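>
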Amino acid sequence: MKRKFCWLALLLTALLPACMGGILPKAPDRASYALPEPEALHARKPLPAALLVELPQASLALSGTDVVVMRADGEVQVLPQVRWVAPAPQLLQDLIARQIEVAGGAPAVARSAQAYGLPLRLTINLLAFELRERPGALSAHAAVSLRLVCAADARILATSQALAVDAEPVPDSPAAATAALRDAAGVLARQVLFWLDKVDASACPLD
1 MKRKFCWLAL
11 LLTALLPACM
21 GGILPKAPDR
31 ASYALPEPEA
41 LHARKPLPAA
51 LLVELPQASL
61 ALSGTDVVVM
71 RADGEVQVLP
81 QVRWVAPAPQ
91 LLQDLIARQI
101 EVAGGAPAVA
111 RSAQAYGLPL
121 RLTINLLAFE
131 LRERPGALSA
141 HAAVSLRLVC
151 AADARILATS
161 QALAVDAEPV
171 PDSPAAATAA
181 LRDAAGVLAR
191 QVLFWLDKVD
201 ASACPLD
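Numbering (the numbering used here), first residue to last: 1 to 207.
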């Protein structure tokens, strides 16, 4: 008799998740957004050697696929109904690399760890990529700081101040707010290109 009750308990345990799955509502699907295509620009002063664009370093809140909203009190929230198609640092790395490549900013541009031996490396610190909520207003913010490194001797050739893009006011609908943040990312990628135009990389031994 005890054995029969044991089998019955095991059967109920196995069936319970399936039953609950039919009862509990499914989480609504979120629309996925990519970043814009790079602009057709031309670098004024291309780098003298191939460049590795490294994956941006980011806080935990900015490292995923959520579209982040920073409240005035510092609380981090997630914008509903929308998400990025890939982690935000990966999307920004790809956009920045493609913007430099399209503009002819370097003889070759890579973003793979396998290309770590390239002569020049661009390291990126992702300072902001978020919406900010204030009483009665929503704004979009994207910011990075950069370092251009000579791979031969790990020398830092140039360090940037924070490059920042702010857009306000932003519509409070999820789709429109995400579009504003996408546009900010495109402007930021162009700012990275313009910064590289001013960098002197001649001190890096290329032989």
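For every residue, glycine included, the Cβ atom is placed at its ideal position computed from N, Cα and C.
Owing to the predicted nature of the structure, the values given are computational and were not obtained by experimental measurement.
Provide the residue span of the alpha helix (DSSP H) that contains VAL187, from first to last.
174-197
> With contact counted as at least three CB pairs below 8 Å, one residue from each stretch, are the segment 53-61 and the segment 152-161 in contact?
no
> With 16 as the cutoff for other CB atoms within 10 Å, does GLU54 come out buried or exposed?
buried
> Beta-carbon separation of VAL85 and LEU131 under 9 Å?
no
> If you pair each beta-carbon of the segment 36-51 with each one of the segment 89-99, do three or more pairs fall below 8 Å?
At 8 Å Cβ cutoff, the stretches touch.
> According to DSSP, is ALA35 part of a helix, a strand, or is it coil?
At residue 35 the sequence reads Leu, which differs from the Ala that was named. It is coil, neither helix nor strand.
> Along the chain, where does the beta strand (DSSP E) that runs through ARG132 open and close?
120-134
> Given that a residue counts as buried once 16 or more other Cβ atoms are within 10 Å of its Cβ, and exposed if not, what is ARG121?
buried
> Assuming VAL187 and ALA140 are in contact, meaning their beta carbons sit under 8 Å apart, how far apart are those beta carbons, in whole angstroms?
Their Cβ separation, rounded to whole angstroms, is 10 Å, which puts VAL187 and ALA140 out of contact at 8 Å.
> Report the rounded CA-to-CA distance for THR65 versus PHE129, giving the unit in angstroms.
One alpha carbon belongs to THR65, the other to PHE129, and they sit about 11 Å apart.
> If we ignore side chains and look at the alpha-carbon of each, how far apart do THR178 and CYS204 end up?
40 Å
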